[in-house]
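Visitor: Quick one: this structure, given as structure tokens, is what I'll be asking you about.
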């Protein structure tokens, strides 16, 4: 039912059904081979692992574990990866703060510098490593979205800045990439806004951008090193805007346009489930139209205490995750986990619907779905809940449950996918010790 | 006494006697070896010169020691004299803090406007009701506030939004202008020779200082074509000015070579003042004060601070500060279980926030003592909130918010306001732990460390709920010595508020069991109800004054306080005591303090490239 509302919002005036043709025509530059895509989706507070991990390794049994059941239609695209560890999310001498570290380490494989305010530092995230290298091939180098804005007040986790528990993607070691939370704005980012699509406005923008770049450069020269670093963030960001403007200006066919019949969403849904699904729809659109090949999507910030009343769980997620082995609470955690996998299933459905080459986008996708915490009660960072979804353009053989030796770094998975995205010359990412074996 | 305030001893402490022996006697039992408690091990090098290099260690030690958190109750208490010498050694030797000279101002890294400030600045510059900040990504929070320079980062998404929002705002402002003049005095040039003065006026306000000739010339030349119309050039120039780093960042020059620090000039100070008290840019009067040198004296700063506190724009201070200090911004994300607590609508939550803001503004306006934050005989309510609280209704309906004098001792101060009680509860029940933690963090300034991982959780299933009250279950739970160190203090404080349910309404029973709001604090202080708890909390106003001053300074400066800021914090607190704790006096003390009016050179190597 909720799903229907989301669809209506999204496909306003588009008639019924998600007809496939809206996708087939999207060009991938000059190549005939569909590109690979890399997506990371994060869920907070770990998962109820007994309902997540299949009993057997090897080929997935027809019946999936309870939490993964919504994914049944995409079983052939799923690899369940057990045994991966985010060692840098452990205290390692820094004391408490597992939630902040879990999110901050997830894609960086680095230890977050413990600070509430001054001098945040972590590392570049896997998605940004790829975006930096191949991002210039698409309209957007990468897309970062999420359901939650930052936390509004108070500390976030035990002396760690909220930047750590609200940001999955890091462009530089002190520079998180803000996520867009409004589906309407995501649509604008993908297909451009009215002003971007008007050549006169674009020219005026280009002049403004040019002027402020000069301005920032001259300002930078007058500043001390720590201040200059802040201006560098500005310069990098404004250059990115400049690059996009230039790209839009090229008449090349790499400028995505909204598929026929697809109109921007009217507003950001107030219902949290609709909100998540509509964001998923937007991301699906971005991938389908090849506006970007790299994305991260945060279902909820780490340590989130959101109530899931709409699925019969009025308690706060984080409070529940400290379940103390109480079966009632564990069942509720499982319910939240299953709700999130149902959103994932919705997203995969969108991607599967659209044909691409001989198959669909899932054939070319590499999607990592999971959390930087294993069991919310123990705050452990080994035995993480991790799914890898998609065939990666034939480079991944899914439909299996793979169990890795204890302490295998999660970063090994990142390294393997960075490699599969065609980024060469990277031999290490965070605390990686090599590539993951056995994925193909 | 629960929390000790430090009195510094004189004379030179010795490393061997006052540090090594002290640590061995009072800390090493728990904080050494592989099983060090709290994941914290104290290292004691042989030589003093090596010991002073362990700055982070001593910072941590100083913090828990000064607040009385360590050594925990039940352990041998060090004598006042040896404590003082130990503290003095940490301060002077390890952290390099000496309060006997000129206080050093500290350093804020180049900070950008946050979304509140950005939105307000656009409003004040262009005189339009356009809420420019709303589309921007949320600002990350550091040290409890969203205006902290270090964590305010910039991403391409920000720049895209700045650009789009500057375009829309300027178009909107110029369109509005052509119909009728509103608010700000934007003078749209119709002739080319009017461009320069118009742009100059705009830049002075937007960039918060008189612009240089070259800067104006660059903006006039923005169109690149000689046949552009003046209004088109004007519009492009304004847009560029609003995307420029000189608008988005708070630029302060470094001290000249060879000088450790400098006093901010009038314009820089004007910007700090307006961001602090208005979350916006300076108005004409403030810029004029800067230009005429009036901000170069403490008296001048005081006069402007007092004027600004009375201006309606200071509502932004009330809203943004209380929204974060009292965590009222989290009200939006809190959804109490509607089956248990019906009727908590968005408008009611908004009223709860307004109550705290009005209470805050009133203290500021009337320079009332800050202890009223902890215990007061009044609050502010509208009809809806009065009904919610069960207060006698005003005879005039729809009277809006007004002062309400309490007729009993049930409530008083922020810890009994519904907004605070609601954000420190779980959706289905109260959380004495969260409430206790809130008091420790935001009233007493002694945040507890978080629980170690893997600790057993409170039994909270229906069976357990039937068998014992929340309080009994928590007491049972607290027997674990690993937990009791912090929880004794935290839970006792929180239990003192048990007469307020999870949404802040008064109650005398919970799940059929009578509420017991009595408590015993470490050190032996007893209370039997919320009112007595409040009396204990204000017994030593210095403790709260220190906490509030630190919060206000963090907010005012946009940076974390560092060890040496203690000197100025201590001075402000002792000045304030002489002035009977007036809240407005506190604000003036902050705006005239050395960290607020000065800027230090970076101590990082490789500076000034």
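Protein chains in written order, with our numbering: chain A, 61 to 500; chain B, 2 to 610. All C-beta atoms, glycine included, are put in the ideal place defined by N, C-alpha and C.
1. Straight-line CA distance for residue 574/B to residue 549/B?
2. Let me know the secondary structure DSSP gives residue 244/B once reduced to three states.
3. Does residue 77/B pass the burial test, meaning 16 or more other C-beta atoms within 10 Å, or should it be called exposed?
4. Measuring CA to CA, which of 527/B, 316/B, 411/B, 19/B is closest to residue 276/B?
5. Give the secondary structure of residue 59/B by DSSP, where H, G and I count as helix, E and B as strand, and everything else as coil.
6. Would the beta-carbon of residue 555/B fall within 9 Å of that of residue 146/B?
7. Can you pull the DSSP bridge partners for residue 638/B?
8. Just tell me which of 134/A, 318/A, 123/A has its CA closest to the CA of residue 458/A.
9. Any contact of the stretch 249-265 of chain B with the stretch 164-171 of chain B, i.e. 3+ C-beta pairs under 8 Å?
10. Can you give the beta carbon distance from residue 403/A to residue 328/A, rounded, assuming they're within the 8 Å contact cut?
11. Could you check what DSSP says for residue 501/B in three-state terms: helix, strand or coil?
12. So does the stretch 135-155 of chain A actually touch the stretch 466-477 of chain A, counting three or more Cβ pairs closer than 8 Å?
13. With respect to the alpha helix (DSSP H) encompassing residue 596/B, which residues constitute its N-terminal and C-terminal limits?
14. Which runs of the beta strand (DSSP E) spanning at least 3 residues fall entirely within the stretch 355-379 of chain A, listed in chain order?
15. Please report the distance separating the alpha-carbon of residue 114/B from that of residue 539/B.
16. Rounded to the nearest angstrom, what separates residue 428/A and residue 476/A at their Cα positions?
17. Going along the chain, which residues of its own chain have a beta-carbon closer than 6 Å to the beta-carbon of residue 426/B, five neighbours each way excluded?
18. With which residues is residue 146/B paired in a DSSP beta bridge?
19. Report the residue from 308/B, 95/B, 29/B whose alpha carbon sits nearest the alpha carbon of residue 53/B.
20. Hey, is residue 62/A's beta-carbon within less than 9 Å of any beta-carbon in chain B?
21. With H, G and I counted as helix, E and B as strand and the rest as coil, what does DSSP make of residue 209/A?
22. List the residues that DSSP assigns as beta-bridge partners of residue 527/B.
23. Quick test of your reading: residue 339/A and residue 205/A, contact by CB under 8 Å. State the CB separation rounded to the nearest angstrom.
24. Consider the Cβ of residue 498/B: report whether some Cβ of chain A lies at a distance smaller than 9 Å.
25. Quick one: list the residues of chain B neighbouring residue 240/A, beta-carbon separation under 9 Å, in chain order.
26. Beta-carbon of residue 294/A versus every beta-carbon of chain B: anything under 9 Å?
27. Just the C-alpha distance for residue 436/A and residue 364/A, rounded to the nearest angstrom, thanks.
28. Once the 5 residues before and after residue 437/B are set aside, which same chain residues still bring their CB inside 6 Å of it?
29. What do you reckon, are the CB atoms on residue 421/A and residue 94/A nearer than 9 Å?
30. If we cut at 9 Å on Cβ distances, does residue 1/B have a partner in chain A?
31. Check each residue of the stretch 229-262 of chain B: if its Cβ is closer than 8 Å to any Cβ of chain A, include it; give the result in chain order.
32. Note down, in chain order, every chain B residue with its Cβ under 7 Å from the Cβ of residue 180/A.
33. Between the stretch 414-437 of chain B and chain A, which residues of the former have a C-beta closer than 9 Å to a C-beta of the latter?
34. Near residue 224/B, which residues of its chain fall below 7 Å by C-beta distance, leaving aside the five closest residues on each side in sequence?
35. Residues of the stretch 526-540 of chain B with a CB closer than 8 Å to any CB of chain A: list them in chain order, please.
36. What do you get for residue 85/A, buried or exposed, if any count of 16 or more other CB atoms within 10 angstroms of its CB means buried?
Guide: By the coordinates alone:
1. 10 Å
2. helix
3. exposed
4. Of all alpha-carbon atoms in 527/B, 316/B, 411/B, 19/B, the one lying nearest the alpha-carbon of residue 276/B is that of 316/B.
5. helix
6. yes
7. No answer is possible for residue 638/B: it lies beyond the span of chain B, which begins at 2 and ends at 610.
8. Checked all of 134/A, 318/A, 123/A; the closest Cα to residue 458/A is 134/A.
9. no
10. Their Cβ separation, rounded to whole angstroms, is 16 Å, which puts residue 403/A and residue 328/A out of contact at 8 Å.
11. strand
12. yes
13. 595-598
14. Runs found: 373-376.
15. 36 Å
16. 12 Å
17. Take residue 426/B, set aside five residues on each side of it, and the residues of its chain with a beta-carbon closer than 6 Å to its own are 432, 503, in chain order.
18. Residue 146/B pairs with 143/B.
19. 95/B
20. Any answer about residue 62/A is weak, because its pLDDT of 39 lies below 50 and its placement is not dependable; what the coordinates show is given next. With 9 Å as the cut-off, residue 62/A does not count as an interface residue toward chain B.
21. Three-state result, residue 209/A: coil.
22. Its beta-bridge partners are 521/B.
23. Correct: roughly 5 Å between the Cβ atoms.
24. no
25. 138, 158
26. yes
27. 12 Å
28. 491, 492, 494, 495
29. yes
30. Outside the shown range of chain B (2 to 610) lies residue 1/B, about which nothing can therefore be said.
31. Within the stretch 229-262 of chain B, the residues whose Cβ lies closer than 8 Å to some Cβ of chain A are 237, 240, 241, 244, 245, 246, 247, 249, 250, 252, 254, 255, listed in chain order.
32. 151, 152
33. 424, 427, 428, 429, 432: these are the residues of the stretch 414-437 of chain B whose beta carbon lies less than 9 Å from some beta carbon of chain A, given in chain order.
34. 233, 234, 237
35. none
36. Caution applies to residue 85/A, whose pLDDT of 38 falls short of 50 and renders its modelled position unreliable; the value that the coordinates give is listed next. So residue 85/A counts as exposed.
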